[in-house]
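Colleague: Provided herewith is a single structure, encoded as structure tokens, for subsequent inquiry.
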Amino acid sequence: MGRAKLVDLEVMVSWASSMTRKGLYPILSLSKTVYQKGISLTKKAMKEVESRLQRNPLLPKWDILI
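So for the sequence shown, my numbering puts the first residue at 571; every next one is plus one.
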């Protein structure tokens, strides 16, 4: 795989748009949304989210199956 120095947005988008998988090119869109920092779920809310996740049995702490 080639290497690219990702110095600015134009280079990053150009590099990413040139990647292929099985002959298909990605569809890219740039999000300029700025999200608030420091927001977290309560333990109760996190348990509700966790109950819907399917963990990978080989790496249950780090990997979820999509």
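Think of the CB as a built atom: it goes at the ideal place given N, C-alpha and C, for glycine as much as any other residue.
At which residue ranges does the stretch 574-632 contain complete alpha helix (DSSP H) runs of 4 or more residues, listed in the order of the chain?
Modeller: You should have 579-587, 613-622.
Colleague: By how many angstroms is the C-alpha of arginine 625 removed from the C-alpha of lysine 631?
Modeller: Taking the straight line from one Cα to the other gives about 8 Å.
Colleague: Can you name, in chain order, every residue of its own chain whose Cβ lies under 8 Å from the Cβ of aspartate 633, other than the five neighbours on each side?
Modeller: The answer, listed in chain order, is Arg625, Asn626.
Colleague: Do serine 587 and leucine 598 count as a contact pair if the criterion is CB distance below 7 Å?
Modeller: Yes, these two residues count as a Cβ contact at 7 Å.
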